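Novice: From first to last, the protein sequence lines stand for chains P and S.
Letter 160 of the first sequence, counting from 1, is numbered 506 in my numbering, and no numbers are missing.
Letter 79 of the second sequence, counting from 1, is numbered 425 in my numbering, and no numbers are missing.
Even glycine gets a Cβ: it sits at the ideal position worked out from N, Cα and C.
Fair warning: this is a prediction, and the values are worked out from it, not measured in the lab.
There are 2 protein chains.
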Amino acid sequence: MKLEKATNGADTATKRRFYDACGTAHALELIGERWALLVIRELMFGPKRFSELRAGLPGISANVLTQRLEGLEAAHIIRRRKLPPPASVQAYELTDWGYEAEPIIQVLGRWATRSPGHDPMQPLSAASLMMSFRTMFDAVRGKWINATIGFRLNGEEFVARIANGKIAIKREDAAGADVIFAGQPTAIAAVVYGGAPLETLDVKGDRALAARFTGLFPLPPKIELGQQV
Amino acid sequence: MKLEKATNGADTATKRRFYDACGTAHALELIGERWALLVIRELMFGPKRFSELRAGLPGISANVLTQRLEGLEAAHIIRRRKLPPPASVQAYELTDWGYEAEPIIQVLGRWATRSPGHDPMQPLSAASLMMSFRTMFDAVRGKWINATIGFRLNGEEFVARIANGKIAIKREDAAGADVIFAGQPTAIAAVVYGGAPLETLDVKGDRALAARFTGLFPLPPKIELGQQV
DNA sequence: CGGCATCCGGGAAGATACTG
DNA sequence: CAGTATCTTCCCGGATGCCG
Numbered sequence: 347m348k349l350e351k352a353t354n355g356a357d358t359a360t361k362r363r364f365y366d367a368c369g370t371a372h373a374l375e376l377i378g379e380r381w382a383l384l385v386i387r388e389l390m391f392g393p394k395r396f397s398e399l400r401a402g403l404p405g406i407s408a409n410v411l412t413q414r415l416e417g418l419e420a421a422h423i424i425r426r427r428k429l430p431p432p433a434s435v436q437a438y439e440l441t442d443w444g445y446e447a448e449p450i451i452q453v454l455g456r457w458a459t460r461s462p463g464h465d466p467m468q469p470l471s472a473a474s475l476m477m478s479f480r481t482m483f484d485a486v487r488g489k490w491i492n493a494t495i496g497f498r499l500n501g502e503e504f505v506a507r508i509a510n511g512k513i514a515i516k517r518e519d520a521a522g523a524d525v526i527f528a529g530q531p532t533a534i535a536a537v538v539y540g541g542a543p544l545e546t547l548d549v550k551g552d553r554a555l556a557a558r559f560t561g562l563f564p565l566p567p568k569i570e571l572g573q574q575v
Numbered sequence: 347m348k349l350e351k352a353t354n355g356a357d358t359a360t361k362r363r364f365y366d367a368c369g370t371a372h373a374l375e376l377i378g379e380r381w382a383l384l385v386i387r388e389l390m391f392g393p394k395r396f397s398e399l400r401a402g403l404p405g406i407s408a409n410v411l412t413q414r415l416e417g418l419e420a421a422h423i424i425r426r427r428k429l430p431p432p433a434s435v436q437a438y439e440l441t442d443w444g445y446e447a448e449p450i451i452q453v454l455g456r457w458a459t460r461s462p463g464h465d466p467m468q469p470l471s472a473a474s475l476m477m478s479f480r481t482m483f484d485a486v487r488g489k490w491i492n493a494t495i496g497f498r499l500n501g502e503e504f505v506a507r508i509a510n511g512k513i514a515i516k517r518e519d520a521a522g523a524d525v526i527f528a529g530q531p532t533a534i535a536a537v538v539y540g541g542a543p544l545e546t547l548d549v550k551g552d553r554a555l556a557a558r559f560t561g562l563f564p565l566p567p568k569i570e571l572g573q574q575v
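#1: Check the Cβ of glutamine 436 (chain P) against every Cβ in chain S and list those closer than 8 Å, keeping chain order.
#2: Roughly how many angstroms separate the alpha carbons of tyrosine 539 (chain P) and glutamate 388 (chain P), rounded to a whole number?
#3: State the start and end residues of the unbroken beta strand (DSSP E) segment that holds valine 410 (chain S).
#4: For a test of the three-state rule: what should DSSP assign to tryptophan 457 (chain S), helix, strand or coil?
#5: Measuring straight from C-alpha to C-alpha, what distance separates alanine 352 (chain S) and threonine 459 (chain P)?
#6: The segment 458 to 470 of chain P: which residues have C-beta closer than 9 Å to a C-beta of chain S, in chain order?
#7: Does the pairing of the segment 402 to 411 of chain P with the segment 492 to 505 of chain S give three or more beta-carbon distances under 8 Å?
#8: For chain P, check one thing: does any of its Cβ atoms lie closer than 7 Å to the Cβ of proline 449 (chain S)?
#9: Looking only at C-alpha atoms, which of S:His422, S:Tyr438, S:Asp524 and S:Val537 sits nearest to arginine 553 (chain S)?
#10: Rounding to the nearest angstrom, what Cα-Cα distance links glutamate 398 (chain S) and glutamine 530 (chain S) in this structure?
#11: Taking all protein chains shown into account, decide if alanine 382 (chain P) is buried (16 or more other Cβ within 10 angstroms of its Cβ) or exposed.
#12: Using the C-alpha atoms, what's the distance from methionine 390 (chain P) back to leucine 555 (chain P)?
#13: Counting only Cβ pairs nearer than 9 Å, list the residues of chain P close to threonine 560 (chain S).
#14: Taking C-beta pairs closer than 8 Å, name the residues in chain P that phenylalanine 364 (chain S) reaches, listed in chain order.
#15: Do the CB positions of arginine 426 (chain S) and tyrosine 445 (chain S) come within less than 7 Å of each other?
#16: DSSP on arginine 579 (chain S), reduced to helix/strand/coil?
#17: Which stretch, first to last residue, makes up the alpha helix (DSSP H) that contains glutamate 379 (chain P)?
#18: Given that tryptophan 490 (chain P) touches chain S, what residues does it touch there, using C-beta distances under 7 Å?
#19: What residue range does the alpha helix (DSSP H) around threonine 532 (chain S) cover?
#20: For cysteine 368 (chain P) and valine 410 (chain S), I'd like the C-alpha separation in whole angstroms.
#21: Quick one: grab the DSSP three-state call for aspartate 548 (chain S).
#22: The beta strand (DSSP E) spanning glycine 496 (chain S) covers which residue range?
#23: Using only CA atoms, which one of S:Ile513, S:Ile423, S:Arg487 and S:Trp457 lies nearest to leucine 376 (chain S)?
#24: Look at the alpha carbon of leucine 374 (chain P) and the alpha carbon of lysine 550 (chain P), and state the distance between them as a whole number of angstroms.
#25: Which chain P residues are close to isoleucine 569 (chain S), counting only those with a beta carbon under 8 Å from its beta carbon?
#26: Give me, in chain order, the residues of the same chain whose beta-carbon lies closer than 6 Å to that of arginine 414 (chain S); leave out the 5 immediate sequence neighbours on both sides.
#27: With DSSP as the reference, label arginine 427 (chain P) as helix, strand or coil.
#28: Please look up how many angstroms separate the CB atoms of glutamine 452 (chain S) and aspartate 366 (chain P), rounded, as I've assumed it's under 8 Å.
#29: Who are the Cβ neighbours of leucine 544 (chain S) in its own chain at under 7 Å, not counting the five residues just before and after it?
#30: Within a Cβ cutoff of 6 Å, which residues of the same chain sit near isoleucine 508 (chain P), ignoring the five residues on either side of it in sequence?
#31: Could you name the residues of chain P that valine 538 (chain S) contacts, counting a contact when the two beta carbons are closer than 9 Å?
#32: Determine the DSSP secondary structure at tyrosine 438 (chain S), reduced to helix, strand or coil.
#33: How many Å lie between proline 462 (chain S) and lysine 568 (chain S) at the Cα?
#34: Starting from the Cα of glutamate 379 (chain S), find the closest Cα among S:Pro393, S:Arg395, S:Gly392 and S:Arg362 and give me that residue.
#35: I need the straight-line Cα distance from proline 566 (chain S) to arginine 456 (chain S), nearest angstrom please.
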């Protein structure tokens, strides 16, 4: 006898709640479970399939991903779209409101890079890298750049357009960009955030532009330890 | 590689990690555990003691609060300050970096108020209410107001200063403010966010100002349900 | 292969009782 | 008041297996 399936996170009514009118507390009820926000991050550049999500979330297990997808769908943050047969494959995409969660991801990321425990040299998904560019882009340094930068990252392609001190990034064919980076997201992060030499990367096109691009994303300083105010 | 031993939550090194260079993922390692961010919220207006924290976090149990405080201290987000004997009482306060987490709380709160599941009529701590004012203040509506608003909320006192389209809120003696609200935070929230009549509140001083004040914090519209793009 | 259900072990959260 | 100790419950993670 199936006893209501224990309402594994999908049911907001019986879920563990905070009983707090604070909006922040409610946000944590919606996306505070483990992995939930990272699932949203992976969907920030467009729909993905189950296995694509798993690939971008190192260590998540299939059943937990299923639970998070159920919960996020019940909360109207994502929606599942069934592609037409014969390729009757399901894909998951953010709702409009789900896309509005982008500042949450950015603010958290910007704050956490000041942590002494943050290590930018670990594995990184393509979506993470692209999101980090949106987050850390320095408008002052990028003010005079007008260019398109392409990325080919294990099959996924992105294009960043820099103009008027802003950066816009979309999932899109990289061919035709002024410069194209190819390879693992981690290797590119090592250059942009870890100071590794540009020569370690596979770069096609305007190499001087590539060099300037990698300097557009300064990390904030680490916190001072041992301050005993 | 398996994780050895329990290391009850306080040890960031052996804690459950995401193994992801993404700053957002690291932020979740730091403050993603249940209650952690709400503890930070409670400390946003200054140091508090253990029992004061419990009072503002309905439903947290003492051992969990202890674990969160240990973890947040190990992560350099909070610090414990021992007051001098004979009142050798401990208090917890945010570090400078901990205070920098305020945008996280605000962005989450603003986003979640659009959720159909958000109910502003639930219990609310004083810190939550004050933080919600900082978060939802409408600069346009408040542009022409220049005033100080006092609050007496179960013993805690706050003052909000509105000037030049900005609002600043501090824990401070409410006496001398142009208008003073007294009572339960929930009752004030019912007026500001729930449309309850001002007459349900204990208001001293400039009553017209009080009425204008309660209209300065519009909630964003709820999301459209059933959109089937 | 993609998605989901089920079982299991370990660990985190919740509730209560207890101590300095 | 400020936690600790203990017990229970639930969630997370891994493995397996079913079904289209």
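Specialist: A quick look at the data gives this:
#1: Within chain S, no residue comes near glutamine 436 (chain P); the closest Cβ sits about 15 Å away, beyond 8 Å.
#2: 20 Å
#3: Element bounds for valine 410 (chain S): not the beta strand (DSSP E) but the alpha helix (DSSP H), 408 to 420.
#4: helix
#5: Note that alanine 352 (chain S) scores 34 on pLDDT, short of 50, meaning its location in the model is unreliable; the coordinates nonetheless yield the value given after this. Looking at the two C-alpha atoms, the distance is approximately 27 Å.
#6: Ala458, Thr459, Arg460, Ser461, Pro462, Gly463, His464, Asp465, Pro466, Met467, Gln468, Pro469 and Leu470
#7: no
#8: yes
#9: S:Asp524
#10: 16 Å
#11: buried
#12: 26 Å
#13: The contacting residues do not exist; threonine 560 (chain S) stays about 16 Å from chain P at best.
#14: Leu384, Pro404 and Gly405
#15: no
#16: A query on residue 579 (chain S) cannot be resolved here, the shown segment of chain S reaching from 347 to 575 and no further.
#17: Glutamate 379 (chain P) -> no alpha helix (DSSP H), and no H or E assigned at all.
#18: In chain order: nothing, as chain S lies at least about 27 Å away.
#19: 531 to 538
#20: 20 Å
#21: strand
#22: 493 to 499
#23: S:Ile423
#24: 43 Å
#25: His422, Thr441, Asp442 and Trp443
#26: Trp381, Ala382 and Val385
#27: strand
#28: No, glutamine 452 (chain S) and aspartate 366 (chain P) are not in contact; Cβ-Cβ is about 16 Å, not under 8 Å.
#29: Val537, Ala556, Ala557 and Thr560
#30: Gly488, Ile491 and Ala493
#31: None at all; the shortest Cβ gap to chain P is about 11 Å.
#32: strand
#33: 6 Å
#34: S:Arg362
#35: 8 Å
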